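A short worksheet on the structure shown next.
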Amino acid sequence: MDAIRSWLRRRRSNDGSERELRTDGGVTGAPEREEGLIARYRRSDAVRSAPFWLPAFLLVGLFVYGAIFWNILISLTDYSGLGDPQYGSFDLENYGRLFSETGSYSFTNAFVNTVILLIAFTLICLAFGLVVAILVDRDIRYENTFRTIYLLPMSLSFVVTAKMWLWMFSSDGGLVNVLLGVVGIGPIDFIRNPDPNVQLAAVTFALIWQFSGYAMVVYLAGLRAIPDEHFEAARVDGASLVRMYWRVIIPQLRTATVSASVVLMVFALKAFDFLRALYGSSTPSVGTDILATKMVRVAFDNNQVAYGSAIAVVLFVMAFSIVTPYLYSEYRRGAL
Amino acid sequence: MSGPDQGSTLSRVGLYVVLVGLVLFYLLPLEAGIVTSFKTTGAYGSTQPFLPAFDGLTLEKWTGAFDELSGGLFNSVIMAVPATAMSALIGSMAAYGLTNVDWRGQVGIYTLFIAGIFVPYQAVLVPLKRFWSQWVPLDVWLEPLWLLPGLTSDHGGLFALMITHVAYGIPICTLLFRSYYKAVSDEMVEAARLDGASIRRIYRRIILPLSVPMFAVALIYQFTQIWNDLLFALILIGGSGDAAVVTQELVGVGQAQEATDFPLQMAAAFVTALPTLLVYIFFGEQFAKGVTA
Numbered sequence: 001m002d003a004i005r006s007w008l009r010r011r012r013s014n015d016g017s018e019r020e021l022r023t024d025g026g027v028t029g030a031p032e033r034e035e036g037l038i039a040r041y042r043r044s045d046a047v048r049s050a051p052f053w054l055p056a057f058l059l060v061g062l063f064v065y066g067a068i069f070w071n072i073l074i075s076l077t078d079y080s081g082l083g084d085p086q087y088g089s090f091d092l093e094n095y096g097r098l099f100s101e102t103g104s105y106s107f108t109n110a111f112v113n114t115v116i117l118l119i120a121f122t123l124i125c126l127a128f129g130l131v132v133a134i135l136v137d138r139d140i141r142y143e144n145t146f147r148t149i150y151l152l153p154m155s156l157s158f159v160v161t162a163k164m165w166l167w168m169f170s171s172d173g174g175l176v177n178v179l180l181g182v183v184g185i186g187p188i189d190f191i192r193n194p195d196p197n198v199q200l201a202a203v204t205f206a207l208i209w210q211f212s213g214y215a216m217v218v219y220l221a222g223l224r225a226i227p228d229e230h231f232e233a234a235r236v237d238g239a240s241l242v243r244m245y246w247r248v249i250i251p252q253l254r255t256a257t258v259s260a261s262v263v264l265m266v267f268a269l270k271a272f273d274f275l276r277a278l279y280g281s282s283t284p285s286v287g288t289d290i291l292a293t294k295m296v297r298v299a300f301d302n303n304q305v306a307y308g309s310a311i312a313v314v315l316f317v318m319a320f321s322i323v324t325p326y327l328y329s330e331y332r333r334g335a336l
Numbered sequence: 001m002s003g004p005d006q007g008s009t010l011s012r013v014g015l016y017v018v019l020v021g022l023v024l025f026y027l028l029p030l031e032a033g034i035v036t037s038f039k040t041t042g043a044y045g046s047t048q049p050f051l052p053a054f055d056g057l058t059l060e061k062w063t064g065a066f067d068e069l070s071g072g073l074f075n076s077v078i079m080a081v082p083a084t085a086m087s088a089l090i091g092s093m094a095a096y097g098l099t100n101v102d103w104r105g106q107v108g109i110y111t112l113f114i115a116g117i118f119v120p121y122q123a124v125l126v127p128l129k130r131f132w133s134q135w136v137p138l139d140v141w142l143e144p145l146w147l148l149p150g151l152t153s154d155h156g157g158l159f160a161l162m163i164t165h166v167a168y169g170i171p172i173c174t175l176l177f178r179s180y181y182k183a184v185s186d187e188m189v190e191a192a193r194l195d196g197a198s199i200r201r202i203y204r205r206i207i208l209p210l211s212v213p214m215f216a217v218a219l220i221y222q223f224t225q226i227w228n229d230l231l232f233a234l235i236l237i238g239g240s241g242d243a244a245v246v247t248q249e250l251v252g253v254g255q256a257q258e259a260t261d262f263p264l265q266m267a268a269a270f271v272t273a274l275p276t277l278l279v280y281i282f283f284g285e286q287f288a289k290g291v292t293a
């Protein structure tokens, strides 16, 4: 208790004269002679806590931010994977090339696919997750069991789910086609369909299977945070169930919606592993590229490294145009 | 009860019907996959995908899958276990260094860390590849140091992969631990401080013992992430070779055969998924905390 009291007094006096206020007679500060700017700096919290945050800072600084910066530099060269990148002359040639490509292998096509996947996947996951969360929140028995099952696919690797859905969708005994056959719809080859929209829809469906449980748990946490009185009040007002959720409850889930959609969008941008396992390194026969797969093929399979880096920069800008407003609002909210 | 009233019996029955329907939606693909993995190639063609083949039940595909993936499983374990532990420990230390001390700028550094969670890996692949192959070619440097039997110089790539996973795990681990440490009583830390405990001593004696539940969450989350990754492995280890991890090997399983061997592919998928499935089954609560942090 003494220590806390003296700490409070120190905070009030706020001039760093804590040693005078110590009640136990101990000495915590540096010896008297070490005054001056450097000595004070050395004692400051930033420096004394450095052994704790510095290793992390160096690793993240080097491997994340340093690498991003380096990637931007490489995207301005014409590095092709042979020899070393020439940092002597920079130009925007690779960025011009992004928009000059045409056809189903083009950057534009991959960009459009990425945006479609992003929006369709995120919206359906959110809507589906919300409905499931509302159902699970209705005071059911075995709630834990249901929740555990709904979240289970998220623990699997993209590669595992890709293998599973490759089989699910296959016209050679895959479950989806067998079930479709029951209702009289002939086998459809979803994964190698000549229509790129069918392929994209199949991919989106599989990703929703994997991640809608995530939207569900986020919404469930949001619903649990709403006080019971809000449900009560709506019921007293005689609002119907649908109306109550639509007007009273869902508007209060804004924070959950925002954070879930940011994370889901980032998942969608990262869906590389899934598509790579489905389609391998070869160029898709129809235009089903997304930027994540196109970047890797261009940079590592076709050795157009600088061009691939430019695609990566676009991907990075997309991710951060989603994340920056979110982080800023979190910062304003004081959540950081 | 936080939801609205229970409603009529009929609507309760309807509710459970829908919930069980959802269970089927999430579990049927897994169930059918497992069932298929126990079939012979012959039985596969003649039975329904979600029904077992009672006459042709076999472990042949599982042993086959295990044979094909055993090298990858070994590599994944020796890479993922240390990477998981290191990223959790470094993340915990960083969270402490950025929480329980009073200095401006910590929010700035912390924000930089959090933003790191959202970086698409594509944005760093080319530099990482160059860094680990041209600047710090661990496979060359470490060659004379490999003492473990069976490891070749290829495994330098595995080491690079490990360090990369540590770096990319730190942001999320820092987030997990920091929100936890913010809740740790300030008074306790301040009191210890005024009694003359050093920053390091406070971490070791107060913070670390308090962090055990959060370590469980961080370790489970990180292990799942690292085990499941394909992209970093593909770039840093390369197509094949002795150092390939299990997800890399899984991509190639069953592709050499002329007709797709779905039972083998399903068995291989479950061999790969088994570690994270077990983690999920035993620590589902902590897993959920990690993914929703």
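Read top to bottom, the protein sequences are chains A and B.
Numbering-wise (full-length UniProt numbering), the first sequence opens with residue 1 and increments by one.
Numbering-wise (full-length UniProt numbering), the second sequence opens with residue 1 and increments by one.
Using N, Cα and C, we set each Cβ at its ideal position, and we do this for glycine too.
Predicted model, so just to flag it, every value in this text is computed and none were measured.
Contact with chain A by residue i, beta-carbon distance below 8 Å
i, result
"valine 166 of chain B", "yes"
"threonine 40 of chain B", "no"
"proline 14 of chain B", "Note that residue 14 of chain B is glycine in the sequence shown here, rather than proline. No, glycine 14 of chain B does not count as interfacial toward chain A."
"proline 29 of chain B", "yes"
"phenylalanine 282 of chain B", "no"
"glycine 64 of chain B", "no"
"glutamine 265 of chain B", "yes"
"methionine 162 of chain B", "no"
"phenylalanine 159 of chain B", "no"
"phenylalanine 74 of chain B", "no"
"valine 251 of chain B", "yes"
"phenylalanine 54 of chain B", "no"
"isoleucine 235 of chain B", "yes"
"threonine 174 of chain B", "yes"
"valine 23 of chain B", "yes"
"proline 82 of chain B", "no"
Below-8 Å beta-carbon distance, residue i vs any chain B residue
i, result
"tryptophan 70 of chain A", "yes"
"leucine 336 of chain A", "yes"
"alanine 30 of chain A", "Unreliable placement is indicated for alanine 30 of chain A, whose pLDDT of 46 sits below 50; the coordinate value is still reported in the next sentence. It does not: the Cβ of alanine 30 of chain A has no partner Cβ on chain B nearer than 8 Å."
"proline 251 of chain A", "no"
"proline 187 of chain A", "no"
"valine 64 of chain A", "yes"
"phenylalanine 158 of chain A", "yes"
"residue 337 of chain A", "Because chain A spans 1 through 336 in this model, residue 337 of chain A falls outside it and cannot be assessed."
"phenylalanine 146 of chain A", "yes"
"glycine 103 of chain A", "no"
Whole-number beta carbon distance between residue j and residue i, since they are thought to touch under 8 Å
i, j, result
"residue 295 of chain B", "alanine 192 of chain B", "No statement about residue 295 of chain B is possible, as the shown extent of chain B runs from 1 to 293 and does not include it."
"isoleucine 172 of chain B", "isoleucine 117 of chain B", "5 Å"
"asparagine 113 of chain A", "leucine 200 of chain A", "6 Å"
Per-residue DSSP class, three states only, for residue i
i, result
"glycine 16 of chain A", "The predicted position of glycine 16 of chain A is uncertain, since its pLDDT is 41 and thus under 50; a value taken from the coordinates is nonetheless stated next. In this structure, glycine 16 of chain A counts as coil in the three-state DSSP scheme."
"asparagine 71 of chain A", "helix"
"serine 309 of chain A", "helix"
"serine 80 of chain A", "coil"
"valine 183 of chain A", "coil"
"arginine 141 of chain A", "coil"
"residue 296 of chain B", "Residue coverage of chain B in this structure runs from 1 to 293, which leaves residue 296 of chain B outside it and unanswerable."
"glycine 287 of chain A", "coil"
"glycine 290 of chain B", "helix"
"lysine 163 of chain A", "helix"
"threonine 324 of chain A", "helix"
"serine 155 of chain A", "helix"
"aspartate 261 of chain B", "coil"
"phenylalanine 316 of chain A", "helix"
Inter-residue spacing [alpha-carbon to alpha-carbon] between residue i and residue j
i, j, result
"proline 263 of chain B", "isoleucine 191 of chain A", "18 Å"
"alanine 80 of chain B", "phenylalanine 316 of chain A", "26 Å"
"leucine 126 of chain A", "valine 323 of chain A", "17 Å"
"phenylalanine 320 of chain A", "asparagine 71 of chain A", "16 Å"
"aspartate 137 of chain A", "leucine 220 of chain A", "7 Å"
"glutamate 285 of chain B", "threonine 288 of chain A", "37 Å"
"glycine 21 of chain B", "glutamate 143 of chain A", "15 Å"
"glycine 156 of chain B", "tryptophan 135 of chain B", "13 Å"
"tyrosine 326 of chain A", "tryptophan 165 of chain A", "33 Å"
"aspartate 189 of chain A", "proline 196 of chain A", "12 Å"
Exercise. Just by C-beta distance, which residues in the segment 213-231 of chain B are closer than 9 Å to chain A?
Worked result: Thr224, Trp227, Asn228, Asp229, Leu230, Leu231
Exercise. Of the residues that make up the segment 121-142 of chain B, which ones have a beta carbon closer than 9 Å to any beta carbon in chain A?
Worked result: Tyr121, Gln122, Ala123, Val124, Leu125, Val126, Pro127, Leu128, Lys129, Arg130, Phe131, Gln134
For this session: Using a Cβ-Cβ cut-off of less than 8 Å, list which residues of the segment 150-179 of chain A approach chain B; keep chain order.
Result: Tyr150, Leu151, Leu152, Pro153, Met154, Ser155, Leu156, Ser157, Phe158, Val159, Val160, Lys163, Met164, Trp165, Leu166, Trp167, Met168, Ser170, Asp172, Gly173, Gly174, Leu175, Val178
For this session: With 7 Å as the limit, tell me which residues of the segment 177-188 of chain B have their beta carbon closer than that to any beta carbon of chain A; keep them in chain order.
Result: Glu187
Problem set entry | Chain-ordered residues of the segment 89-100 of chain B with a beta carbon less than 7 Å from chain A | Ile90, Gly91, Met93, Ala94, Tyr96, Gly97, Leu98
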